[in-house]
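*Asks:* I'd like to ask some things about the structure below.
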């Protein structure tokens, strides 16, 4: 789990937070979670946009018939 209590900040001369410093392992975990969320959103969109489904065998036949 990412330990957000131990994040270091880089600030400007006025003390405004401009950057963060993370452990590589925390960064990698964040990347993985973001990718999982993106995948879940894409799946949800595909489910909403789907107009129907084909049987796998029918799909393979269709692909084969379109080969040059």
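In the numbering used here, the protein residues as written are 186 to 253. Think of the CB as a built atom: it goes at the ideal place given N, C-alpha and C, for glycine as much as any other residue. As the structure is a computational prediction, the values presented were derived from the model and not from experiment.
Have a look at residue 232 and residue 225 and give me their C-alpha separation to the nearest angstrom.
*Replies:* Counting from one through the chain shown, the residue named residue 232 turns up at place 47. Counting from one through the chain shown, the residue named residue 225 turns up at place 40. Their backbone Cα atoms lie some 11 Å apart in a straight line.
*Asks:* Does DSSP put residue 240 in a helix, a strand or coil?
*Replies:* Position 55 of the chain shown, counted from the start, is the residue given in the question as residue 240. It is coil, neither helix nor strand.
*Asks:* Just to check my reading of the structure: residue 196 and residue 190 have Cβ atoms closer than 8 Å, yes? What is that Cβ distance to the nearest angstrom?
*Replies:* Position 11 of the chain shown holds residue 196. Position 5 of the chain shown holds residue 190. Actually they do not touch by this definition, with Cβ atoms about 18 Å apart.
*Asks:* When the distance is taken between beta carbons, is residue 188 closer than 8 Å to residue 211?
*Replies:* Stepping through the chain shown from its first residue, residue 211 is reached at position 26. Stepping through the chain shown from its first residue, residue 188 is reached at position 3. Taking 8 Å as the Cβ cut-off, residue 211 and residue 188 qualify as a contacting pair.
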